[in-house]
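Residue numbers (our numbering), protein chains in the order written: chain A, 14 to 423; chain B, 14 to 423.
All remarks here apply to the structure that follows.
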């Protein structure tokens with residue numbers, strides 16, 4: 014029999030996962046930056062060169078020696094000799110002396126001898142050669158110095174970074190074509206239960222459509238995982254053990270979501286224990302919903318036994334599988350979107366259990382209100398209505414209306 | 014010459030896009046629910062059946078007539094005849110009369126004649142036939158009624174819904190195998206500029222690596238778009254016109270990001286005008302950064318001329334292309350993640366322009382602080398550091414330290 018009394022708290026479960034799954038590691042995989050959106054960096058990316066690589070003008074105007082312009086004003090302009098122009102995308106060999114200037118477009122290279130840019134609006138050509146400058150500039154003004162954007166060897170992006178569009182831009186700016194990201198964690202999802210049937214077949218009255226393999230697979234994909242197997246199998250020891258052993262070869266994590274029948278959890282636990290050591294190390298978690306969750310390890314792979322109940326299975330998947338997959342991918346804390354809100358009503362919790370309360374968010378003039386929504390156990394549409402959930406701590410006796418809460422967004 | 018004085022406000026631009034792009038529509042595409050994560054619904058999904066389809070127990074226990082249990086207590090139990098059990102996943106033909114009960118597992122079907130479930134914890138078998146019930150139940154207690162989760166014909170998910178994992182679960186629960194989502198908006202991205210070179214080739218001093226095609230493509234993919242062409246071409250009228258005409262055949266939206274050279278914007282505008290009517294209808298936007306942005310329409314396609322400057326191009330893409338692609342996909346408002354925060358410092362704005370200020374977020378005991386970060390124009394690493402940005406309204410003179418701000422997250 015499963016020892017339901019020896020349940021762990023959420024904190025204990027996280028700690029155990031840290032310890033047991035220490036040797037469960039993902040490898041790096043080199044990919045082109047054009048394919049990198051949303052992937053997670055396996056190692057820090059250092060700048061292989063400095064940016065900009067040359068002194069770059071940030072305006073359209075004239076490269077000058079700043080001290081030539083000191084004192085210049087509308088009434089008393091400085092006059093400079095315009096000795097040439099720099100073309101975009103071209104290097105310049107020009108050497109500028111005191112009393113001279115050169116036209117440089119935005120993004121163009123400052124010629125040797127100059128140290129500032131006068132904006133085109135603050136200057137006027139009196140003739141082809143002579144430029145009147147009506148405003149003084151300080152050394153470095155309107156100029157981006159070599160390495161000012163990033164220094165060579167500086168860390169651009171850290172291990173665990175989820176690559177955004179602008180990161181891809183910065184990588185291209187540095188001429189970096191390929192980066193090493195985490196391989197996607199490979200996950201197999203099995204649903205067990207004699208009453209579980211293909212949702213798209215003709216269903217007999219009393220039978221339950223398979224929800225979990227679809228919902229859990231999608232959620233795991235959201236976490237960056239790759240689904241390598243997705244199966245519904247009968248609730249029978251030999252069949253489950255055989256299938257589990259087979260799919261474990263191809264994956265890092267095996268998720269078994271049990272049927273609702275009473276004996277299922279025992280079968281799953283027995284299979285995990287019999288497949289390899291150390292077997293099951295979490296026998297139930299002090300949460301609501303999701304208590305009958307088991308977690309084990311067999312031959313360096315993680316195995317989760319989730320409740321068959323879809324709402325429970327989805328919440329447990331979000332919290333605990335999400336945690337493990339994040340850990341495996343060295344995710345930065347706070348990657349998951351959370352929002353602070355005020356509770357719109359009193360919310361009850363279950364004593365001795367961490368409670369996950371589904372909520373709808375309302376934006377009231379820049380203040381989010383979190384409205385608890387309820388549904389009978391098993392109401393799958395509840396999760397389609399919720400914007401997220403609140404975690405109510407084990408030791409907390411519910412939440413009072415108006416209290417500040419943190420909402421984990423779906 | 015481009016008429017830079019006739020710039021539009023952000024509001025005017027959004028309004029013009031609404032008007033001009035009314036006839037730019039995406040079609041629906043039928044896909045399997047297993048492929049639906051993150052796709053956007055083209056039409057409402059109605060429940061083709063009710064859930065549950067039978068009266069379902071939410072507990073392990075005994076189906077009873079509630080009135081038989083009225084008055085039952087620890088000291089004075091009600092005695093019932095246990096006439097059978099219901100098996101999971103099976104229909105039941107049993108008919109229960111007053112004084113009788115039937116065992117039903119969680120998720121099992123209630124037999125005819127019963128109207129409530131007594132939890133197993135509140136009952137005891139005295140012998141094989143006789144059950145003592147120690148607590149009364151109300152009619153409907155621990156029972157999910159037919160259609161209580163969702164009614165037949167009720168709308169489960171609305172047009173514009175971005176499909177989440179739990180939605181896929183609900184669709185499976187209803188036996189829905191395929192749904193119609195918006196086809197992905199097809200977008201072509203062209204970078205123009207003689208100084209722009211392949212970022213991974215040997216770059217001459219003074220040349221600029223192509224950042225924009227990579228960064229913009231990734232951002233457009235984030236918006237659900239599909240990149241059908243990605244090219245760098247020379248900053249020359251005939252070449253640009255020819256290429257633009259060619260790629261327009263395959264896409265809904267063409268994005269041309271201009272080089273930094275002065276004449277580029279004129280070339281892009283002329284090409285858009287010459288390709289078809291009505292041509293360019295936005296000649297610059299009162300924003301910072303991103304002012305020299307043009308938007309046009311040619312042969313029922315949208316064409317954007319973005320600044321060549323990567324930071325400006327990325328911000329304009331996020332705000333205006335994001336808006337159009339959302340509109341095309343009937344996105345729910347608020348799909349884009351925003352967070353409220355307190356400004357960590359005074360923030361200046363540009364008079365007469367809507368200013369986009371990059372910020373870093375810090376979580377201070379449940380209160381987010383938005384710290385403005387600055388970089389010289391052209392510093393691409395600025396965007397990799399920012400968590401998001403604040404929009405400062407045209408008519409607002411900056412933001413004071415401590416003021417509440419809305420941060421659009423990257």
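Glycine included, every Cβ here is placed at the ideal spot set by N, Cα and C.
Where does residue i land, buried or exposed, given buried means 16+ other C-beta within 10 angstroms?
i                      : result
residue 162 of chain A : buried
residue 151 of chain A : exposed
residue 82 of chain B  : buried
residue 155 of chain A : buried
residue 248 of chain B : buried
residue 70 of chain B  : buried
residue 74 of chain B  : buried
residue 287 of chain A : exposed
residue 358 of chain A : exposed
residue 377 of chain B : exposed
residue 225 of chain B : buried
residue 366 of chain A : buried
residue 308 of chain A : buried
residue 53 of chain A  : buried
residue 25 of chain A  : exposed
residue 208 of chain A : buried
residue 432 of chain B : The structure shown does not extend to residue 432 of chain B, since chain B is modelled only from 14 to 423, so the question has no answer here.
residue 38 of chain B  : exposed
residue 166 of chain B : exposed
residue 143 of chain B : exposed
residue 351 of chain B : exposed
residue 408 of chain B : exposed
residue 19 of chain B  : exposed
Report yes or no: is there a C-beta of chain B within less than 9 angstroms of the C-beta of residue i?
i                      : result
residue 339 of chain A : no
residue 381 of chain A : yes
residue 423 of chain A : yes
residue 387 of chain A : no
residue 253 of chain A : no
residue 17 of chain A  : Residue placement at residue 17 of chain A is flagged as unreliable, the pLDDT there being 46, under the threshold of 50; the coordinate-derived value follows with that caveat. Chain B, which has no Cβ nearer than 9 angstroms to the Cβ of residue 17 of chain A, makes this no.
At a CB-CB cut-off below 8 angstroms, which residues of chain A make contact with residue i?
i                      : result
residue 41 of chain B  : Per Cβ cutoff of 8 angstroms: no residues; residue 41 of chain B is ~20 angstroms from chain A at best.
residue 237 of chain B : Under the 8 angstroms cutoff, chain A gives no residues; its nearest Cβ is about 12 angstroms from residue 237 of chain B.
residue 207 of chain B : 101, 102
Quick check: is the beta carbon of residue i nearer than 9 angstroms to any beta carbon in chain A?
i                      : result
residue 343 of chain B : no
residue 308 of chain B : no
residue 368 of chain B : no
residue 350 of chain B : yes
residue 29 of chain B  : no
residue 279 of chain B : no
residue 425 of chain B : Residue 425 of chain B lies beyond the range of chain B shown here (14 to 423); nothing can be said about it.
residue 420 of chain B : no
residue 14 of chain B  : Any reading at residue 14 of chain B is ruled out, since the residue's pLDDT is 39, under 50, leaving its predicted position unreliable.
residue 61 of chain B  : no
residue 336 of chain B : no
residue 361 of chain B : no
Note down, in chain order, every chain B residue with its Cβ under 8 angstroms from the Cβ of residue i.
i                      : result
residue 433 of chain A : Nothing can be reported for residue 433 of chain A, as the shown portion of chain A is limited to 14 through 423.
residue 394 of chain A : 64, 162, 163, 169, 183
residue 317 of chain A : Under the 8 angstroms cutoff, chain B gives no residues; its nearest Cβ is about 16 angstroms from residue 317 of chain A.
residue 33 of chain A  : Ordered by position in chain B, no residue passes the 8 angstroms Cβ test against residue 33 of chain A, which lies about 26 angstroms from the chain.
residue 364 of chain A : The contacting residues do not exist; residue 364 of chain A stays about 16 angstroms from chain B at best.
Interface residues of chain A around residue i at Cβ under 7 angstroms?
i                      : result
residue 404 of chain B : Here the premise fails: no neighbours, minimum Cβ distance about 14 angstroms.
residue 50 of chain B  : 231, 234, 235
Tell me, which residues are paired with residue i by DSSP?
i                      : result
residue 308 of chain B : B:295, B:317
residue 227 of chain B : According to DSSP, residue 227 of chain B bridges with nothing at all.
residue 380 of chain B : B:377
List the residues of chain D whose Cβ lies closer than 7 angstroms to the Cβ of residue i, in chain order.
i                     : result
residue 46 of chain A : The structure shown contains no chain D; its protein chains are A and B.
Under 9 angstroms Cβ-Cβ, which residues of chain B neighbour residue i?
i                      : result
residue 327 of chain A : 178, 179, 182
For residue i, return the contacting residues in chain B, with the cut-off set at a CB-CB distance below 7 angstroms.
i                      : result
residue 397 of chain A : 169, 170, 179, 180, 183
residue 417 of chain A : 379
| For the stretch 171-198 of chain A, which residues have a CB atom closer than 7 angstroms to at least one CB atom of chain B, in sequence order? | Residues 177, 178, 179, 180, 181, 182, 183, 185, 186, 188, 190.
| request: Scan the stretch 149-161 of chain A for residues whose Cβ lies nearer than 7 angstroms to a Cβ of chain B and list them as they occur along the chain. | output: 157, 161
| Residues of the stretch 292-306 of chain B with Cβ closer than 7 angstroms to any Cβ of chain A, in chain order | none
| task | Check distances from the C-beta atoms of the stretch 66-89 of chain A to those of chain B and list, in chain order, the residues that come in under 9 angstroms. | result | 66, 67, 69, 71, 72, 73
| request: Report the residues of the stretch 103-124 of chain B with a CB closer than 8 angstroms to any CB of chain A, ordered along the chain. | output: 103, 104, 105, 118, 119, 120, 121, 122
| Going along the stretch 214-236 of chain A in order, which residues come within less than 9 angstroms of chain B, judged by CB to CB distance? | Listed by position along the chain: 214, 216, 217, 218, 219, 220, 221, 222, 223, 224, 225, 226, 227, 228, 229, 230, 231, 232, 233, 234, 235.
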